[in-house]
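K.L.:
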Amino acid sequence: MFRFLLRFIIIILLLFQIGCDNLDKEVKNEELKSNLIQSHIDEARNKKNSDEERKNNLEKAYGIYSTLIDNTYKIEKIQEISFVYFELKDYDNYRIMNEKALKLSKSINDSLNIAESHTYLGLYYKASRLDLAYENFYEAEEIYSSLYNKQNGSEGHAFDRGKVLTDLALILRKIKNYSESESLTIKAIENFELAKNNLYIPLCYTNLGIIAKYTEFYDKAIEYHKKAIEYAKGTEAEVLQILTSYNNIGTTYKSQKKYDKAKEYYNKALTYTDFLSKNPKRRARLIDNLAYVNFLSNDTSNIPDLFFKALKIRDSIGDKYGIATNKLHLAEYYKSIGEDSISRMYAYQSKDLSLELQKNEELLKTYQVLSKVSDSKEGLEYANEYIKLNDSLVKEERLFRDKFARIRFETDEIVEQNQQISRENEILIIAILGLTALFLLGYIIFRQQQSNKELLFAQTQQESNEEIYRLFINQQIKLEEGRQLEQQRMSEELHDGVLGRLFGVRLSLDGINQRANDEFTDSRNKYIEELKAIEKEIRLISHDLGAETLPSDVAYIDAVENLIKDLCEVHKLEFEFNNDEDIDWEEIDDQKKVNFFRILQESMQNIFKHAHADSIKINFDYVEDKINLTILDDGIGFRENKVKKGIGLKNITSRVSQMSGVVKFLSEVNSGTTVSVSVPV
Amino acid sequence: MIDDHPMIIEGYKNTLLGENQKEYQIKIDIASNCDDAYANIVKSSETVPYDMLFIDIKLPPSSDGTITSGEDLAKHAKELLPKSKVIILTMHREDHRIHNILKNINPAGFLIKSDLTSSELLLAFNNIVKGKAYYSATVNDHFRKMMTNKFSLDEKNLKILYHLSRGVKTKNLPNYVSLSLSAIEKRKNQIKEMFSIAKADDQKLLEEARKRGFI
């Protein structure tokens, strides 16, 4: 048996050891993996490697990741991989990575990463699918705004939120929802300011300026553009922003038909030759714009040379968008000078490019030009094309707006549902808490009442106990008084009546005897002496009777002794009872007396029932202001720790503790039991 | 002769008349209660005063309550009949009562009924007639005890001891002795000191008092 146990323990220990090893290995594995991943990512980042190699590294990195457990760290790393894909212009993988990150974030309920993943996906769709981009950005914004509310307006993720808001505003501007775009931009600016990061504020103001131009608040537009420059001042992007803003201001003035002002700003922009030489696309656009304004203001001195200059730059860098615009401008120019065939040629080229690039605005204008420079039949066709495109554009815009509205609505609905659920949960929790509190309160009150009742009951019981005792004692005292009175009466009767008459008789007899001088005198004297002796005896009896043999407080002890005597007689036991005369029972309160009485009763019941005793000894002793009651029997006793306390012993204990006393039950098998109670007076 | 038991008066008469008829002419008035006795005493004081008064201590009190015992009666008699000899005859033989009677009345004769025989009564009668006082042996004993003690206890102290010896508790003593509890305690301590058993308990005190004959 023992050997078996030993073996068992050894096996368990071994198992434990193995378990520990496994755990160690796992931890090590984890470390190893993350190191490996990091090295793969670093390798992928390294621009010296070929794109193929870098992508291979990313795939390997992701392959390892997919084996890791889901946590925030994993999500961040996947996002990191997606960035590298973005760098490598592998946008599909960028999207796939971010979709995975989004799914993971959702599965572990990491709202911040959900928002981020949505943002990244929005960036992916921005170029191709406005509706999906909008949806992603919108979801991200919802999360940020809820986080903002939770954090009570602290900056938290204000910068990220600002970026998302900016993106949303740009999308909305694209679909010509200017008012909403404007309000989102303003919100974005607020967030950037909250985050104390001005990086994108110029962009926001630029957007506001463009919107203001479209909504024909030209002064406001110019103001916004100037503000954009102000915010960019001192930053790396200052020159770029100045160029953008000047261009935009020029365009604004152009729309306002303030061509001189427009020219002034375009020219101002063109003075940044150093920067523009590195940025031909921008330069070409400025030149083209300047040329167009010149054309519009009938300042034909530099035209069409300026147009060609721009076109040449754009051709050299393959700026298809620019070329389409440029050629449209040329078509317009040639149309204005009546060179319809040249105009038509440029218009065709512009139309084809615009169709290719889906540049609808340019296309629309091209159709307009074409409808005018073509012969009537073809012109009509283009005019129809124009109307069709215009309609489809309007329709598309409306469609987008509807779609966006639906996206908003659906997202809001989900949010609202969530809120509804959380509100319901709250109500449920409050209801449960309330009910629990109510129940607890009820229970407490119930318990209180119960204990009050118990207390009341105990009190009345105590009172009735005392009452019973008083009646009992009164009875005893009355009995005693009656007896004493009777004794007194007998004593007096004996002393005054019987004794007197006896004395008289004796004296008379004696007197007569003295005179009768015969032989019987002596014997009569003897009897007279006997009479005297009887007198003496009667006197003694009378004296004893008349003395206060039983003081009133003896009544209690009498009652106690009677109890013991009666019980012992019934159960045929010998008893010995001693009461210390020093105990002044009259001074001791009735409650204690009743308790002593009951303790005695209880103990004696125990003795009769269990002890099989032949005799008992009961003592009341008075020691140092304490009454000690000892009840001793010569019965079979009990083993103290073996017998569980019965109701009798419990009663005794509770009574003693009521009197703030101490009780001891001492017993040994076959050597009797001693119950000793000590109670302070 | 004043006694509430006709039998006792009968006894006195039998004794005195049987023997003294030749020597003295004895005329006896009897009374069995204080009222009658007092009336007789008053009457005789106005006419022929009594030569001798036999007074019992325990008597039915007078109807107006002023005379409650033979003791009171004796006091009146001493006033009204200064020349008559008072003989106290009583069943009581307790020291303090003897002491009291001696002190208050100073009778010519003091006889304890339980000691009394007819010959003693005669002896007492003859002595008193001749002008000599006569006291019963018990009374003489009392005298002797008082004399042999270097000190004497007053009536109150004796009473305290007496009642204690009867088993009366100290705290109930004020009911028997007209003193407050604290006064009684003080007296008890004094007695103990006199007995040079200070700090002894009541048991010891009574033992000592018995030995010294105060009880």
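Residue numbers (this note's numbering), protein chains in the order written: chain H, 18 to 698; chain S, 13 to 227.
Where is the CB? At the ideal position from N, CA and C, for every residue including glycine.
Quantities reported herein were computed from a predicted structural model and do not represent experimental measurements.
Tell me which same chain residues have a C-beta within less than 6 angstroms of the C-beta of I110/S, skipping the five on either side of it?
P.N.:
On the second sequence, position 98 is the one that residue 110/S refers to. Around I110/S: V151 and H154.
K.L.:
Hey, quick one: how far does the alpha helix (DSSP H) through K243/H stretch, first residue to last?
P.N.:
For the purposes of this step, residue 243/H is identified with residue 226 of the first sequence, where counting begins at 1. From DSSP, the alpha helix (DSSP H) with K243/H extends over Y235 to A249.
K.L.:
Mind checking N612/H: buried by the 16 CB within 10 Å criterion, or exposed?
P.N.:
Position 595 of the first sequence, counted from the first residue, corresponds to residue 612/H. With 16 or more Cβ atoms within 10 Å of its Cβ, N612/H is classed as buried.
K.L.:
Quick check: A518/H and H104/S, are their CB atoms within less than 9 angstroms of each other?
P.N.:
Within the first sequence, residue 518/H is the residue found at index 501, counting from 1. Within the second sequence, residue 104/S is the residue found at index 92, counting from 1. Note that residue 518/H is Arg in the sequence shown, not Ala. No; because the gap between Cβ atoms is not below 9 angstroms, this pair is not in contact.
K.L.:
With a threshold of 9 angstroms between beta carbons, is V698/H in contact with chain S?
P.N.:
Position 681 of the first sequence holds residue 698/H. V698/H does not count as touching chain S.
K.L.:
Do you know offhand how far E205/S's Cα is from D513/H's?
P.N.:
Locating residue 205/S in the second sequence gives position 193, counting from the first residue. Locating residue 513/H in the first sequence gives position 496, counting from the first residue. Here the C-alpha atom of E205/S lies approximately 38 angstroms from the C-alpha atom of D513/H.
K.L.:
Is any beta-carbon of chain H found at less than 9 angstroms from that of I203/S?
P.N.:
Here residue 203/S corresponds to residue number 191 of the second sequence, with the count starting at 1. Using beta-carbon distances, I203/S does not count as an interface residue toward chain H, since no partner is under 9 angstroms.
K.L.:
Below 9 angstroms on C-beta distance, what does S126/S contact in chain H?
P.N.:
The count along the second sequence starts at 1 and reaches residue 126/S at position 114. Under the 9 angstroms cutoff, chain H gives L516, F520, K549, E552, K553 and R556.
K.L.:
Taking 9 angstroms as the cut-off, decide whether the C-beta atoms of S81/S and N45/S are in contact.
P.N.:
Locating residue 81/S in the second sequence gives position 69, counting from the first residue. Locating residue 45/S in the second sequence gives position 33, counting from the first residue. No, they are not a contact pair.
K.L.:
Which of the three DSSP states is assigned to N146/S in this structure?
P.N.:
As a position in the second sequence, residue 146/S is number 134, starting the count at 1. Here residue 146/S turns out to be Tyr, not Asn, going by the sequence shown. Correct three-state label for Y146/S: strand.
K.L.:
By DSSP, does S74/S sit in helix, in strand, or in coil?
P.N.:
For the purposes of this step, residue 74/S is identified with residue 62 of the second sequence, where counting begins at 1. S74/S falls in the coil class under three-state DSSP.
K.L.:
Answer yes or no: does any C-beta atom of chain S fall closer than 9 angstroms to that of R500/H?
P.N.:
Position 483 of the first sequence, counting from 1, holds the residue named residue 500/H. So no, R500/H is outside the interface.
K.L.:
What is the rounded straight-line gap between the Cα of E106/S and the Cα of I490/H?
P.N.:
Working through the second sequence from its first residue, we reach residue 106/S at position 94. Working through the first sequence from its first residue, we reach residue 490/H at position 473. So the two alpha carbons sit approximately 35 angstroms from each other.
K.L.:
Have a look at L372/H, D575/H, E578/H and Q608/H and flag the residue whose alpha-carbon is nearest the alpha-carbon of S481/H.
P.N.:
Position 464 of the first sequence holds residue 481/H. Nearest option by C-alpha distance: Q608/H.
K.L.:
Using a Cβ-Cβ distance cut-off of 9 angstroms, determine whether E219/S contacts chain H.
P.N.:
Along the second sequence, one-based indexing puts residue 219/S at 207. Not closer than 9 angstroms to any Cβ of chain H, the Cβ of E219/S fails to qualify, so no.
K.L.:
For E379/H versus L370/H, is the C-beta spacing smaller than 9 angstroms?
P.N.:
Sequence index remark: in the first sequence, residue 379/H carries index 362 (1-based). Sequence index remark: in the first sequence, residue 370/H carries index 353 (1-based). Going by C-beta atoms, E379/H is nearer than 9 angstroms to L370/H.
K.L.:
So, helix, strand or coil for T102/S, using DSSP?
P.N.:
Taking the second sequence and counting its residues from 1, one reaches residue 102/S at position 90. Strand, per DSSP.
K.L.:
Closer than 9 angstroms, CB to CB, is N530/H near chain S or not?
P.N.:
As a working mapping, residue 530/H is identified with position 513 in the first sequence. At least one chain S Cβ lies under 9 angstroms of N530/H.
K.L.:
Between S525/H and chain S, is there a C-beta pair that is closer than 9 angstroms?
P.N.:
By one-based count along the first sequence, residue 525/H stands at place 508. Closer than 9 angstroms to some Cβ of chain S, the Cβ of S525/H qualifies, so yes.
K.L.:
State the Cα-Cα distance for the pair G665/H and K223/S, rounded to the nearest angstrom.
P.N.:
For the purposes of this step, residue 665/H is identified with residue 648 of the first sequence, where counting begins at 1. For the purposes of this step, residue 223/S is identified with residue 211 of the second sequence, where counting begins at 1. Each residue's Cα considered, the two are about 52 angstroms apart.
K.L.:
For chain B, check one thing: does any of its Cβ atoms lie closer than 9 angstroms to the Cβ of G23/S?
P.N.:
Among the chains of the structure shown, chain B does not appear; the protein chains present are H and S.
K.L.:
Which whole-angstrom value describes the C-beta separation of L410/H and N377/H, a residue pair presumed to lie in contact below a C-beta threshold of 8 angstroms?
P.N.:
If you number the first sequence from 1, residue 410/H lands on position 393. If you number the first sequence from 1, residue 377/H lands on position 360. Rounded, the Cβ-Cβ distance is 6 angstroms, consistent with contact.
K.L.:
Quick check: what's the CA-CA separation for F207/S versus L193/S?
P.N.:
In the second sequence, residue 207/S corresponds to position 195, counting from 1. In the second sequence, residue 193/S corresponds to position 181, counting from 1. The straight-line gap from Cα to Cα measures roughly 21 angstroms.
K.L.:
Measuring CA to CA, which of R62/H, F614/H, S272/H and I86/H is closest to L75/H?
P.N.:
For the purposes of this step, residue 75/H is taken as residue 58 along the first sequence, with counting starting at 1. Checking every option, the nearest Cα to that of L75/H belongs to R62/H.
K.L.:
Please give me, in chain order, every unbroken run of the alpha helix (DSSP H) with length at least 4 that falls completely inside the region 34 to 74 of chain S.
P.N.:
46 to 58
K.L.:
Could you tell me whether the Cβ of I648/H comes closer than 9 angstroms to any Cβ of chain S?
P.N.:
Translated into positions along the first sequence, residue 648/H becomes position 631. No, I648/H lies away from the interface with chain S (no Cβ there is under 9 angstroms from its Cβ).
K.L.:
Any Cβ of chain H within less than 9 angstroms of the Cβ of T160/S?
P.N.:
Residue mapping note: residue 160/S aligns to position 148 of the second sequence, counting from 1. No, T160/S lies away from the interface with chain H (no Cβ there is under 9 angstroms from its Cβ).
K.L.:
What number of angstroms, rounded off, separates the C-alpha of L105/H from the C-alpha of D68/H?
P.N.:
Within the first sequence, the letter at position 88 stands for residue 105/H. Within the first sequence, the letter at position 51 stands for residue 68/H. Taking the straight line joining both Cα atoms gives about 7 angstroms.
K.L.:
Let me make sure I understand the geometry here. Which of S56/H, N595/H, A205/H and S128/H has the alpha-carbon closest to that of N88/H?
P.N.:
In the first sequence, the residue the question calls residue 88/H occupies position 71. Nearest option by C-alpha distance: S128/H.
K.L.:
Helix, strand or coil, according to DSSP, for N46/H in the structure here?
P.N.:
The residue labelled residue 46/H in the question sits at position 29 within the first sequence. Three-state DSSP puts N46/H in a helix.
K.L.:
Check each candidate in Y36/S, R199/S and E132/S and name the one with the smallest Cα separation from L165/S.
P.N.:
Looking up residue 165/S in the second sequence gives position 153. Nearest of Y36/S, R199/S and E132/S to L165/S, Cα basis: R199/S.
K.L.:
Counting only beta-carbon atoms, is D513/H nearer than 9 angstroms to chain S?
P.N.:
Looking up residue 513/H in the first sequence gives position 496. Yes, contact with chain S.
K.L.:
Quick check: what's the CA-CA separation for Q258/H versus L397/H?
P.N.:
Position 241 of the first sequence, counted from the start, is the residue given in the question as residue 258/H. Position 380 of the first sequence, counted from the start, is the residue given in the question as residue 397/H. Using only the alpha carbons, I get a separation of about 43 angstroms.
K.L.:
So L217/S is in the alpha helix (DSSP H); what residue range does that whole segment cover?
P.N.:
On the second sequence, position 205 is the one that residue 217/S refers to. Taken as a continuous stretch (DSSP letters only), the alpha helix (DSSP H) holding L217/S covers D214 to K223.
K.L.:
On the criterion of 16 or more Cβ atoms from any shown chain inside 10 Å, does C37/H qualify as buried, or is it exposed?
P.N.:
The residue given as residue 37/H occupies position 20 in the first sequence. Low per-residue confidence applies at C37/H: pLDDT is 45, beneath 50, and the placement is therefore not dependable, though the value from the model is reported in the following sentence. When all chains shown are included, C37/H counts as exposed.
K.L.:
May I have the straight-line CA-CA distance separating T670/H from K634/H, to the nearest angstrom?
P.N.:
Against the first sequence, residue 670/H aligns to sequence position 653. Against the first sequence, residue 634/H aligns to sequence position 617. Answer to the nearest angstrom: the Cα atoms are 20 angstroms apart.
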